[in-house]
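>
Take a look at the structure:
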């Protein structure tokens, strides 16, 4: 994509102003749906200009749908006359290059997640307690391939399951994060490798994520590594069906091995926060 190019700081690519400007101006927010096919699908995101991106418990070093959603908002607010833009969002993990293109009523956004880091495959004795926490067993795993930790900024344990196992997966217990840490992962991604459909949650299983850009790159890398996807074709990953928010994430590998993760961003609403944040 051609067009303008900008580099922005902040975990959510905030556009920073002086403290005096912030005190005088009520924060503007934009609510968008990322990896969506229409409004009220995909992963909802509220983007504030002049703030940082935090999860409920911590700041993540890297996240997918906040990066694409923020880039779409930046295109709308900073370069409204441009059909296409490129952005570099500076995250704690490192720079995240993003390209945005204006469509008729939404934006198509693509981020370069770089070359994936392929971690170790997980032995059966290490995987067994993790499967138990997912409500699954060894017979639910696809034969001939192993669970593996893969990262493009956030390490996921990719667990390949049979199609019938995906609806049954759910987190139980409180020690999953400890078990994942023991194999070098931050989160787990349960992946139906035949249907290319994925599920992931916070590590207590309280919230199921409906579209996880940071996991889509590792999922595609996993499929490519085991010959389950063609490196010359787009890999479409579905997510969110079980949470009532169907999402579509598209990944393609470029000629040097970078993973390009893309999706549509649709605007839902925008407004002004009357109460100043503390």
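Residue numbers (the numbering used here): 1061 to 1338. For every residue, glycine included, the Cβ atom is placed at its ideal position computed from N, Cα and C. Computed from a prediction, not measured in an experiment: that's the story for all the values here.
1) Of all the options 1175, 1237, 1195, 1245, which has the alpha carbon lying nearest to the alpha carbon of residue 1214?
2) Nearest by alpha-carbon distance to residue 1277: which of 1293, 1311, 1157 is it?
3) Determine the DSSP secondary structure at residue 1133, reduced to helix, strand or coil.
4) Are the Cβ atoms of residue 1243 and residue 1182 separated by less than 7 Å?
5) Tell me which residue opens and which closes the alpha helix (DSSP H) that residue 1273 is part of.
6) Output needed for residue 1322: all residues of its chain with C-beta closer than 7 Å, excluding positions within five of it in sequence on either side, in chain order.
7) Quick one: grab the DSSP three-state call for residue 1289.
8) For residue 1294, count the other beta carbons within 10 Å of its own beta carbon; 16 or more makes it buried, fewer makes it exposed. Which is it?
9) In chain order, what residues of the same chain lie with their CB nearer than 6 Å to the CB of residue 1162, ignoring the 5 residues before and after it?
10) Under three-state DSSP, which class holds residue 1190?
11) In the DSSP output, what is residue 1091 paired with across the bridge?
12) So, under 8 Å CB-CB, residue 1090 and residue 1298 are touching, yes? Tell me the CB distance rounded to an integer number of Å.
13) Please list, in chain order, all residues of the same chain as residue 1206 whose beta carbon is under 7 Å from its beta carbon, the five residues on each side excluded.
14) From the DSSP output, which residues share a beta bridge with residue 1170?
15) With which residues is residue 1216 paired in a DSSP beta bridge?
16) Counting pairs of Cβ atoms below 8 Å between the stretch 1128 to 1145 and the stretch 1220 to 1234, do you hit three or more?
17) Using C-beta distances below 7 Å, list every residue in its chain close to residue 1097, excluding the 5 sequence neighbours before and after it, in chain order.
18) Note the first and the last residue of the continuous beta strand (DSSP E) segment covering residue 1241.
19) Please identify the residue among 1104, 1212, 1270 whose C-alpha is closest to the C-alpha of residue 1154.
20) Under the DSSP definition of a beta bridge, which residues are partnered with residue 1311?
The answer reads as follows:
1) Out of 1175, 1237, 1195, 1245, the CA that lies nearest to the CA of residue 1214 is found in 1245.
2) 1311
3) helix
4) Against a cut-off of 7 Å, the Cβ pair of residue 1182 and residue 1243 comes out as a contact.
5) 1273 to 1285
6) 1168, 1169, 1170, 1310
7) coil
8) exposed
9) 1143
10) helix
11) 1106, 1329
12) The pair is not a contact, with the Cβ atoms about 26 Å apart (cut-off 8 Å).
13) 1181, 1182
14) In the DSSP output, where bridge partners are listed per residue, residue 1170 has 1159, 1322.
15) 1210, 1247
16) no
17) 1308, 1324
18) Run containing residue 1241: none in the beta strand (DSSP E); it sits in the alpha helix (DSSP H), 1236 to 1241.
19) 1212
20) 1295, 1321
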